[in-house]
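Protein sequences, first through last, are from chains A and B.
Just so we're aligned: 374 in this note's numbering is position 389 of the first sequence, and the numbers increase by one with no gaps anywhere.
To convert a position in the second sequence, counted from 1, into this note's numbering, add 10.
Glycine included, each C-beta is placed from N, C-alpha and C at the ideal position.
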Amino acid sequence: MPGKTLYDKIWDAHVVDQLDGEAILYIDLHLIHEVTSPQAFAGLRTHGRKVRRPDLTLAVADHNVPTEGQALGVAKVADEEARLQLETLARNVKDNGIEFFPMGDVRNGIVHVVGPEQGRTQPGMTIVCGDSHTSTHGAFGALAHGIGTSEVEHVLATQTLRQTKAKNLRVTIEGEPAPGVGAKDLALAVIGEIGTAGGTGYVIEYAGSAVRALSMEGRMTLCNLTIEAGARAGLVAPDETTFEYLKGRPSTPKAGGWEMAHAYWKSLFSDPDAHFDREVVIDAAKIAPLVTWGTSPEDVVPVTGKAPDPAAFATPDKRAAVARALDYMGLTAGQPISEAKVDVVFIGSCTNSRIEDLRAAAKIAEGRHVASGVRAMVVPGSGLVRDQAEAEGLDAIFTAAGFEWREPGCSMCLAMNPDRLEPGQRCASTSNRNFEGRQGRGGRTHLMSPSMAAAAAIAGHIADVREYL
Amino acid sequence: MEAFVRLDAKAAPLPLANIDTDQIIPKQFLKTVEREGLGKGLFYDLRFDEQGREKPDFVLNRPEYKGVGVIIAGDNFGCGSSREHAPWALMDFGVKCVISTSFADIFYNNCFQNGLLPVVLKADEVETLMAEAKGGNHVMTIDLAAQSVTSPSGKAFHFEIDPIRKTKMLNGLDSIGETLQAGPAIDVFETKRALALPWLEGA
């Protein structure tokens, strides 16, 4: 019998029942938030159903919370619809006995920052959430992916999900990245290489020396962006870096349990003879700091590069798509990308709002100042990240440099709260999607790493972080 | 969930690739606790200008496409956010079928939870349908039992679909009720899990 991939192993360990082509898969951790859960709870009520395992469910308020004045409480949230969603979540979790970190609680924050931070995310688990960036948790060697609200309801009622198995794709990133090149650049390089639909139907396992060398924060950034390559989930096999991160977190196993868990976690890797349906190999040394020029995360270019010329593309459809993206982005064909002047800089989101991200940005900001006319904001991923950053004095560095230091939440990544771009504004953003209108109608988003975003804030235009190291 | 058996409806061409769920239903419409009423936000930035006026050129605003039931779109339809508001908005607007060469994974799953049929055809077939949908008669027939799409001129194309999903769609089955029938198997799994991985209990 051929060996198994890490994905095969986790899958097999969670099959409750196998129907024709479709498995009933047990779910170890279900994360919920205010935007994609209300209709699921309403569905349960309609059918007189209960939450099967409230103890395996954790709720946060992140998508539409304001990033200032959180201590005033939900009653003071100005947006009436957002307030109703937040109140609805509070009521649903109370009625069903689900643990909840409400807005203002220091443990609250972006769901994909909170799960790992609390130690709820552990290797070998199946983890779902009504949010596509659930792929983030794959950094721990957990099978984690986004689901729709009907599936949220299904998991609440049954603690299982009906799933068809995906194929195995291994992305191996070998070598040492150059200074100024980090996890975000590796992730954008992967998306640029395989395309935004390149991973559709696959679960990606990331391997190779460059992946092993990443911190847990870096691995989370890499797995987070897996969905932008079309793959439902990304995985990194757990190792000492993982175990070190997990030790002593509120929900990780304690003495006794730890040894058992540790022994199990160490069995979670792809066997040497495991079969992958597809393999992609990337040389980390060849990756430059990357930015996106267009309206799809696959539209990447080195910071030293230029906006593309539509004429250089093979098909009429592609030429039209590139022309449309350039027009939307307010760029001309062949324009050096570093000429693009920015109006707003956003450092935050489930992709890049962890302590390491803030340290990287602060290192560039320290002793410098945001260019005049640029609004730069830093939104920590959780209350605990914010506290940690303040303990390290990062908030002082940011505010001295002219950045706004805000309270945790999804914020301008998807602009459901008051943080959003005005039409035509250009933003250097550490988030995950540069879709048309994503950060506000008519807003123009360039995705990049936290240190690159900080450099753009200082320069007032897209800038090469290597000149600021 | 409403069953999907056969649909005869106007089809609108939307020849753009990578139409993401942010475009299908922008963020400002996600602040609802209901499933209904999202049709007003469908393709909002494509349908309306900054003052909220209809853009007359956009296909769904043109009189000949009023009451559309099918959308024919470019590759990788529904990428991005997992928001089920996307299929809810399409259904609320009256769209019951989307035809493309490919769909993003989570959106594809979400469609089947709501009786919205995503049909995958080959690139040349989608192109043929797209061309016919631009013409005067653009009523298509989608027959799920026969797994076929028939164009106004009578060209018929076969599509593949997972047999379990097909049965559920044809009968409008609720998968939660079905899974709950596997309750005893879930009980057994949980007991074994508690013994083998005790640290996962009482987290």
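- Message: Excluding the 5 residues flanking A:R133 on each side, which residues of the same chain have their C-beta closer than 8 Å to its C-beta?
- Response: The sequence shown places Gly at residue 133 of chain A, not Arg. Contacts found: T21, G115.
- Under 8 Å (Cβ pairs) to chain A, residues found in the segment 65 to 85 of chain B: G84, D85
- Looking only at C-alpha atoms, which of A:P(-13), A:I189, A:T206 sits nearest to A:G366? Nearest option by C-alpha distance: A:T206.
- By the 10 Å Cβ neighbour count, where 16 or more other Cβ atoms means buried, how is A:M433 classified, buried or exposed? buried
- Query: Going by C-alpha distance, which of B:I34, B:V80, B:G182, B:S112 is nearest B:A13?
  - Reply: B:G182
- Determine whether the Cβ of B:Q61 lies closer than 8 Å to any Cβ atom of chain A. Cβ-Cβ to chain A under 8 Å: no for B:Q61.
- Would you check if there are 3 or more beta carbon pairs closer than 8 Å linking the segment 86 to 97 of chain A to the segment 45 to 53 of chain A? yes
- Query: Which term fits B:R72, buried or exposed, when burial requires 16 or more other beta carbons within 10 angstroms of its beta carbon?
  - Reply: With a 10 Å radius around the Cβ and a threshold of 16 neighbouring Cβ atoms, B:R72 comes out exposed.
- Query: With 16 other CB atoms within 10 Å as the buried threshold, where does A:L154 fall?
  - Reply: The C-beta of A:L154 has 16 or more other C-beta atoms within 10 Å across all chains shown, which makes the residue buried.
- Query: Does A:T134 get closer than 8 Å to chain B when you measure Cβ to Cβ?
  - Reply: yes
- CB contact flag (A:A350, A:I382, <8 Å): yes
- Around the Cβ of B:A166, are there at least 16 other Cβ atoms within 10 angstroms (buried) or fewer (exposed)? exposed
- What is the DSSP secondary structure of A:N77, counted as helix, strand or coil? In the displayed model, A:N77 falls within a helix according to three-state DSSP.
- Task: Return the Cβ separation of A:Q24 and B:R45 in integer angstroms, given the expectation that the two are a contact with Cβ distance under 8 Å.
- Result: 5 Å
- Burial state of B:N147, where buried means 16 or more other Cβ atoms lie within 10 Å: B:N147 is exposed by the Cβ-count criterion.
- Determine the direct distance from the alpha carbon of B:G49 to that of B:A27, and round the result to whole angstroms. 22 Å
- Message: Just to check my reading of the structure: A:Y191 and A:L173 have Cβ atoms closer than 8 Å, yes? What is that Cβ distance to the nearest angstrom?
- Response: Actually they do not touch by this definition, with Cβ atoms about 14 Å apart.
- Message: Does the CB of A:R411 have a neighbour CB from chain B at under 8 Å?
- Response: no
- Message: Counting only Cβ pairs nearer than 9 Å, list the residues of chain A close to B:N28.
- Response: Correct list: T181, A182, T280, S281, E283, A306, F420.
- How about A:R429: is its C-beta nearer than 8 Å to some C-beta of chain B? no
- Message: I'd like to check one pair, A:W278 with A:V288: are the Cβ atoms closer than 8 Å?
- Response: Note that the C-beta distance between A:V288 and A:W278 is not below 8 Å.
- Between the CA atoms of A:G126 and B:A213 - distance to the nearest angstrom: Its pLDDT being 48, under 50, B:A213 is placed unreliably in this model, and the value from its coordinates should be taken loosely. Cα-Cα distance, rounded: 18 Å.
- Three-state secondary structure (DSSP) at B:E188? helix
- Given a cut-off of 8 Å, decide if B:E170 and B:V108 are closer than it, judged by their beta-carbon atoms. no
- Query: Under the three-state reduction of DSSP, which class applies to A:C208: helix, strand or coil?
  - Reply: helix
- Task: State yes or no: is the C-beta of A:V327 within less than 8 Å of the C-beta of A:A413?
- Result: yes
- Task: Leaving aside the five residues before and after A:K(-6) along the sequence, list all residues of the same chain whose C-beta is less than 7 Å from its C-beta, in chain order.
- Result: L253
- Query: Taking the alpha helix (DSSP H) that A:A346 falls in, what are its first and last residues?
  - Reply: Where A:A346 is concerned, the enclosing alpha helix (DSSP H) stretches over 340 to 350.
- Message: DSSP three-state label for A:A127, please.
- Response: coil
- Keeping to the same chain, check which residues put their C-beta closer than 6 Å to that of A:R451; ignore five residues upstream and five downstream. Closer than 6 Å at Cβ, skipping near neighbours: G165.
- B:I35 CB to nearest chain A CB: under 8 Å? no
- Would DSSP call B:A213 helix, strand or coil? The predicted model places B:A213 with a pLDDT of 48, which falls under 50 and marks its position as unreliable, so this point remains unresolved.
- So, helix, strand or coil for A:M201, using DSSP? helix
- Locate the beta strand (DSSP E) running through B:K20, then write down its first and last residues. 16 to 24
- Message: Taking DSSP's pairing of strands, which residues face A:D2 in a bridge?
- Response: A:I9
- Candidates A:V0, A:L454, A:E375: which alpha carbon is nearest B:E200's? A:V0
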